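Have a look at the structure below before the remarks.
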Amino acid sequence: MIEGASGFVAWLGAALIVLADGRRGLAAGIAVTTVGIAALVLEGAGAFDAAIITAAGIVATIPGLRSGEEWGLMPAGSTPRLILCIATGLLALWLAASITTGSGVALRFAVISVAGLSGTRILAGDSSPVLLTAVGALAFAVAASAGLSSGSPGPWPYAVAAVIAGGSAWLRPRTANAA
Amino acid sequence: MLPEAIELLVLVAAVLAIALVFSPAAPRRQLLVRGGTGLLGTAAIVAVPTIDLSILVLLGLAVVDAAAGGRRPFAVRLRLPALAVALLALALAFSRFAGPDALARFAAVGLVAGLAAAVGLVPYLHAFDPEEGASSSPIVWIAFVGPVLATVLVWRSRGLLSADAGAAFGAILIGLGLINMAWGSLGAWFTANTAAAWRYSFVADWGLVLCGFGLTIADGQRAALLVLFTIVLGRLPLYLGSRQALREKTDTERPVNLIVAAVLAGSAPSAGFAARVLLLRGATQLYWPLALVLGLGMLLWLPGSLRLGRSLGRPRGRQAFGIVVVVAINVLAGLYPLPLFSAASL
Numbered sequence: 000m001i002e003g004a005s006g007f008v009a010w011l012g013a014a015l016i017v018l019a020d021g022r023r024g025l026a027a028g029i030a031v032t033t034v035g036i037a038a039l040v041l042e043g044a045g046a047f048d049a050a051i052i053t054a055a056g057i058v059a060t061i062p063g064l065r066s067g068e069e070w071g072l073m074p075a076g077s078t079p080r081l082i083l084c085i086a087t088g089l090l091a092l093w094l095a096a097s098i099t100t101g102s103g104v105a106l107r108f109a110v111i112s113v114a115g116l117s118g119t120r121i122l123a124g125d126s127s128p129v130l131l132t133a134v135g136a137l138a139f140a141v142a143a144s145a146g147l148s149s150g151s152p153g154p155w156p157y158a159v160a161a162v163i164a165g166g167s168a169w170l171r172p173r174t175a176n177a178a
Numbered sequence: 000m001l002p003e004a005i006e007l008l009v010l011v012a013a014v015l016a017i018a019l020v021f022s023p024a025a026p027r028r029q030l031l032v033r034g035g036t037g038l039l040g041t042a043a044i045v046a047v048p049t050i051d052l053s054i055l056v057l058l059g060l061a062v063v064d065a066a067a068g069g070r071r072p073f074a075v076r077l078r079l080p081a082l083a084v085a086l087l088a089l090a091l092a093f094s095r096f097a098g099p100d101a102l103a104r105f106a107a108v109g110l111v112a113g114l115a116a117a118v119g120l121v122p123y124l125h126a127f128d129p130e131e132g133a134s135s136s137p138i139v140w141i142a143f144v145g146p147v148l149a150t151v152l153v154w155r156s157r158g159l160l161s162a163d164a165g166a167a168f169g170a171i172l173i174g175l176g177l178i179n180m181a182w183g184s185l186g187a188w189f190t191a192n193t194a195a196a197w198r199y200s201f202v203a204d205w206g207l208v209l210c211g212f213g214l215t216i217a218d219g220q221r222a223a224l225l226v227l228f229t230i231v232l233g234r235l236p237l238y239l240g241s242r243q244a245l246r247e248k249t250d251t252e253r254p255v256n257l258i259v260a261a262v263l264a265g266s267a268p269s270a271g272f273a274a275r276v277l278l279l280r281g282a283t284q285l286y287w288p289l290a291l292v293l294g295l296g297m298l299l300w301l302p303g304s305l306r307l308g309r310s311l312g313r314p315r316g317r318q319a320f321g322i323v324v325v326v327a328i329n330v331l332a333g334l335y336p337l338p339l340f341s342a343a344s345l
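One line per chain: the protein sequences are A and B, in this order.
So for the first sequence, numbering that gives the first Met the number 0 puts the first residue at 0; every next one is plus one.
So for the second sequence, numbering that gives the first Met the number 0 puts the first residue at 0; every next one is plus one.
What follows is the structure, encoded as structure tokens:
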């Protein structure tokens, strides 16, 4: 039950990243994604690996929450994005629960939905905070997919994903120049 | 660690040194900082023990490269490498799921699509600005980070796929390779801008690499390694050497331009010729009509290469010496490529 809820929470976080335009909304998205992925990692890999993901999620959330900008959740014209989130969730659920077999349905669902939604957000987004937040969620999805392999991946995928997610939230990209 | 990838990493380090020493027009500090960062990131892609970590390092490297700035906006610089990571992550997940065989074939499609997006090949060509500096240009990404990255991805992917999906993986690589060959060589021939023609010529060479990777026999792997060698230690330094003439828009047709054109076209006795012979031999062993298509496609290199050779202008001083060194290295590797193969355990 908790595993299933964690998968749903991870999808919800990625959906928030897709639906938000404001920095606070994006921070809420990465925070919720972190909760979902960390719970799944706790179940599969252990407390230490889950702690790494949680710490990175906190570091990635702070700059957005402190920015003082609006939440920007579901601005006008975001209906196609909402449909995308629901369709991706249904497709991921079908693949994870019906097409594939074996244990770890929630992890499979979370990996497919978070990687799919964050990849789509990166393709469609233009502003740096949107892209960097989606990159953080994508890093978590890649690290979580390492948990699908037959052997134990060890803490390294989670640690590298944590550095990427935590670091990218604080990054200030240079603007385009004529250099 | 993969010996082939380590060898390519050494070559990448060598081309950075060549660019620093022989390229008079390049801003050295910027080249050193960004080239050094790229080299470190590329080394990390090879050094990490699993494909998951290689993909994460790629994501980190893409963010750093995009954030370092250039003429293209941040979003444009980051978009395709990040999309590649998403595609590769989904492909890895599909390869690990238990279920119908079709899932493994989807994984093969995702791996090839992710590889093309990561390197910047058709159908995921990175946005290109002819006026962009050498160190932040997608041409440098395609020839500096791309070879090592592609080698790591292809070799590590093979361990994840079943025999059936592995065959599909090879077939998709060959198909995409042929498309890149045609697109790149025709683009290098017909595009109006000469800097864009250089970019298309890299894409065409990458088509040969993909075909080599797709032929799962030794000749194919050897051909892929040799073409990657010509990209890293042939085409890339020659492109860097041509940048000043490109800016000044000077086209000359002296013997040195024709020799460079011959090297770029893969004429004997350069390494490109040996690579083409190996590729054709490998294709003949597997399915002779493929060799016919490859042979016809290889003819398309000639017009574009003549154009690119002319765009080198009239090199002088250190730059001329650098071009002689690059041509000599390519001829040596073409005449005696065995040390390259044995270092890569091929």
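Ideal Cβ placement from N, Cα and C applies to all residues, glycine included.
The model shown is predicted, which means the values in this text are computed figures rather than measured ones.
- Count the other CB atoms, across all protein chains shown, that sit within 10 Å of the CB of B:P99; report buried if there are 16 or more and exposed otherwise. Within 10 angstroms of the beta-carbon of B:P99 lie fewer than 16 other beta-carbons, which makes it exposed.
- Query: Using the beta-carbon of each residue, which ones in chain A are nearer than 9 angstroms to B:V45?
  - Reply: Within chain A, no residue comes near B:V45; the closest Cβ sits about 15 angstroms away, beyond 9 angstroms.
- Message: Please list, in chain order, the chain B residues whose beta carbon lies closer than 8 angstroms to that of A:L170.
- Response: Among the residues of chain B, those whose CB is under 8 angstroms from the CB of A:L170 are V62 and A66, following chain order.
- Message: Looking at chain B, is there any beta carbon in it that lies within less than 9 angstroms of the beta carbon of A:D48?
- Response: Chain B contact via Cβ: absent.
- Environment of B:E252 [buried if 16+ CB atoms lie within 10 Å]: Classification for B:E252: exposed.
- Answer with yes or no whether the minimum CB distance from A:A163 to chain B is below 9 angstroms. The displayed chain sequence assigns Ile, not Ala, to residue 163 of chain A. The C-beta of A:I163 comes closer than 9 angstroms to at least one C-beta of chain B.
- Query: Out of B:A203, B:G68, B:D128 and B:L60, which has the shortest C-alpha to C-alpha gap to B:P122?
  - Reply: Taking only the C-alpha atoms, the option nearest B:P122 is B:A203.
- Message: Counting C-beta neighbours from all protein chains within 10 Å, is the total for B:L192 16 or more, i.e. buried, or is it exposed?
- Response: The question names Leu, yet the displayed sequence has Asn at residue 192 of chain B. Within a 10 Å sphere around the beta-carbon of B:N192 sit fewer than 16 other beta-carbons, which makes this residue exposed.
- Helix, strand or coil at B:L311 according to DSSP, with G and I counted as helix: If DSSP states are grouped into helix, strand and coil, B:L311 belongs with coil.
- Message: Assuming contact is defined by CB atoms lying nearer than 9 angstroms, are B:L148 and B:L15 in contact in what I supplied?
- Response: The criterion of a C-beta distance shorter than 9 angstroms is not satisfied by B:L148 and B:L15.
- Item | Contact with chain B by A:G35, beta-carbon distance below 9 angstroms | Judged by the 9 angstroms Cβ criterion, A:G35 is not in contact with chain B.
- Message: Checking 9 angstroms against the spacing of the C-beta atoms, do B:R198 and B:E130 come in under that value?
- Response: Not closer than 9 angstroms, so no.
- Task: Determine whether the Cβ of B:M0 lies closer than 9 angstroms to any Cβ atom of chain A.
- Result: No, B:M0 does not count as interfacial toward chain A.
- Of all the options B:G34, B:I54 and B:A327, which has the alpha carbon lying nearest to the alpha carbon of B:D64? Nearest option by C-alpha distance: B:G34.
- Task: Report yes or no: do three or more beta-carbon pairs, one from the segment 110-125 of chain B and one from the segment 162-179 of chain B, lie closer than 8 angstroms?
- Result: With a cut-off of 8 angstroms, the segment 162-179 of chain B and the segment 110-125 of chain B count as touching, because enough Cβ pairs lie within range.
- Apart from the five residues just before and just after B:I216, which ones in its own chain have a Cβ nearer than 8 angstroms to its Cβ? Cβ within range, chain order: G281, Q284 and L285.
- What is the DSSP secondary structure of A:A178, reduced to helix, strand or coil? The pLDDT assigned to A:A178 is 44, lower than 50, so where the model puts this residue is not dependable; a value taken from the coordinates is nonetheless given after this. A:A178: coil per DSSP, three-state reduction.
- Query: Closest to B:S269 by CA distance: which of B:P302, B:L232, B:R317 and B:L38 is it?
  - Reply: For B:S269, the closest of B:P302, B:L232, B:R317 and B:L38 by C-alpha to C-alpha distance is B:L232.
- Item | Which listed residue (A:P172, A:G150 and A:G146) has its alpha carbon closest to that of A:A160 | Residue A:G146 is the option with its Cα nearest to A:A160.
- Determine whether the Cβ of A:A138 lies closer than 9 angstroms to any Cβ atom of chain B. Any Cβ of chain B closer than 9 angstroms to the Cβ of A:A138 would place that residue at the interface, and such an atom is present.
- Between the segment 74-105 of chain A and chain B, which residues of the former have a C-beta closer than 7 angstroms to a C-beta of the latter? Of all residues in the segment 74-105 of chain A, only I98, T99, T100 and G101 come within less than 7 angstroms of chain B when Cβ atoms are compared, listed by chain position.
- In chain A, which residues lie with their C-beta within 9 angstroms of the C-beta of B:L299? Chain A residues near B:L299: none, gap ~32 angstroms exceeds 9 angstroms.
- In the segment 10-43 of chain A, which residues sit with their C-beta less than 8 angstroms from some C-beta in chain B, listed in chain order? Those residues of the segment 10-43 of chain A that come within reach of chain B (Cβ to Cβ, closer than 8 angstroms) do not exist; the list is empty.
- Query: Residue range of the alpha helix (DSSP H) that B:E6 falls in?
  - Reply: Per DSSP, the unbroken alpha helix (DSSP H) holding B:E6 starts and ends at P2 to F21.
- Query: Name the DSSP beta bridge partners of B:A97, please?
  - Reply: The partner list for B:A97 (beta bridge, DSSP) reads A:T100.
- Can you list, in chain order, the residues of the segment 145-158 of chain A whose Cβ is nearer than 7 angstroms to any Cβ on chain B? Residues passing the 7 angstroms Cβ filter: A145, L147, S148, P152, W155 and P156.
- Message: Less than 7 angstroms between C-beta atoms, sequence neighbours within five positions excluded: which residues of the same chain meet that for B:L10?
- Response: Answer for B:L10: F228, V231 and L232, listed in chain order.
- Cα separation between B:F168 and B:P254? Cα to Cα, B:F168 sits roughly 43 angstroms from B:P254.
- Message: Strictly under 9 angstroms for the Cβ-Cβ distance: is A:R65 near chain B by that measure?
- Response: False, the Cβ-Cβ gap to chain B never drops below 9 angstroms.
- Could you tell me which uninterrupted alpha helix (DSSP H) segments, each at least 4 residues in length, are contained entirely in the segment 199-282 of chain B, listed from first to last along the chain? Counting whole runs of 4 or more residues, the segment 199-282 of chain B contains the alpha helix (DSSP H) stretches 217-229, 235-247 and 254-264.
- Can you tell me whether DSSP reads B:A343 as helix, strand or coil? Secondary structure of B:A343 (DSSP, three-state): coil.
- Are A:A9 and A:S112 closer than 9 angstroms when you measure CB to CB? A contact, by the Cβ cut-off of 9 angstroms.
- Item | Buried versus exposed, by CB contacts within 10 Å (16 or more), B:M0 | So B:M0 ends up on the exposed side.
- Query: Where does A:L72 sit, in a helix, a strand or coil, going by DSSP?
  - Reply: It is a strand residue.
- Contact set for B:A274: own chain, Cβ-Cβ below 6 angstroms, skip 5 residues either direction: Excluding sequence neighbours, B:A274 sits near A222, L225 and V226.
- Query: Using the C-alpha atoms, what's the distance from B:V20 back to A:A178?
  - Reply: Note that A:A178 has pLDDT 44, beneath the 50 cutoff, so the model's placement of it is unreliable and no number is given.
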